[in-house]
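> Take the sequence shown: its position 41, counting from 1, is numbered 41 in my numbering, and each next residue is one higher.
One structure, as structure tokens, below. Some questions next.
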Amino acid sequence: MALTKLDQLYRQVLLTHSRYPQNKGELTTFTCSQSGSNPSCGDQISVQVMVKEGVISQIAWQGSGCTISQASASIMTTLVIGKSVQDTKALCQSFFDLVTGEEWAQQNSHLLGDAQVFSSVKNFPARIKCATLAWHTLSACL
1 MALTKLDQLY RQVLLTHSRY PQNKGELTTF TCSQSGSNPS CGDQISVQVM VKEGVISQIA
61 WQGSGCTISQ ASASIMTTLV IGKSVQDTKA LCQSFFDLVT GEEWAQQNSH LLGDAQVFSS
121 VKNFPARIKC ATLAWHTLSA CL
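The structure is reproduced here in structure tokens:
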């Protein structure tokens, strides 16, 4: 079965973020931190966030696990820097809706940027936890 051009693009985005993760590391100062794990897959994620005046000014993450969990954490961090805590929580909810197949506002899909590559995860229930781990961890942190 041949991959469509869109599937090829999605695969490339996932592999790029997994191989060259963005914002992976530690912050020297932060306002909140949280850790999360997915025992069924072995994924582990820690998130550190610096919030200034209600806006995420810095974010870093550390972790190990499958390609999906690592790419998701990387993509998530690129999307939330510069966003308000309120907008970030709404973005997290939009992502949860996307990957679980729930109805979500089509007009807001552009806000998810590269995170839209996870739209097909809903077809693989065992991988939903992998994709959402970083997002749940960030949400709990905020």
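For every residue, glycine included, the Cβ atom is placed at its ideal position computed from N, Cα and C.
All figures in this text were calculated on a predicted structure; none of them were measured in a lab.
By Cβ distance, which residues of its chain are closer than 8 Å to V99, with the 5 residues on each side in sequence left out?
F118, S119, V121, K122, I128, A131, T132
> Label P21 either buried or exposed according to how many other C-beta atoms from any shown protein chain fall within 10 Å of its C-beta, with 16 as the threshold for buried.
buried
> Among I81, A115, V55, which residue has its Cα nearest to the Cα of L15?
A115
> Of all the alpha helix (DSSP H) runs that stay within the bounds of the segment 64-103, which reach a length of 4 or more residues?
67-80, 85-100
> Could you round the C-beta distance between L27 and Q48 to whole angstroms and report it? I think they count as a contact, below 8 Å.
5 Å
> Using the DSSP secondary-structure output, state which residues sit across from K52 in a beta bridge.
V55
> So, W61 versus F95, is the Cβ gap smaller than 8 Å?
no
> What is the residue span of the beta strand (DSSP E) that C141 lies within?
Counting along the chain, C141 falls outside any beta strand (DSSP E), though it belongs to the alpha helix (DSSP H) covering 125-141.
> Under 6 Å Cβ to Cβ from A126, same chain only, skipping five residues before and after it: list those, please.
The beta carbon of A126 sits closer than 6 Å to no other beta carbon from its chain once the five residues preceding and following it are set aside.
> Pull up the distance between the alpha-carbon of V13 and that of S74, whole angstroms please.
11 Å
> Give me the Cα-Cα distance between T31 and Q44, rounded to the nearest whole angstrom.
Computed Cα separation, rounded: 21 Å.
> On a Cα-Cα basis, can you pick out the residue from G54, L91, Q70 that is closest to S46?
Q70
> Under three-state DSSP, which class holds S120?
helix
> Closest to A140 by CA distance: which of R19, H17, S35 is it?
S35
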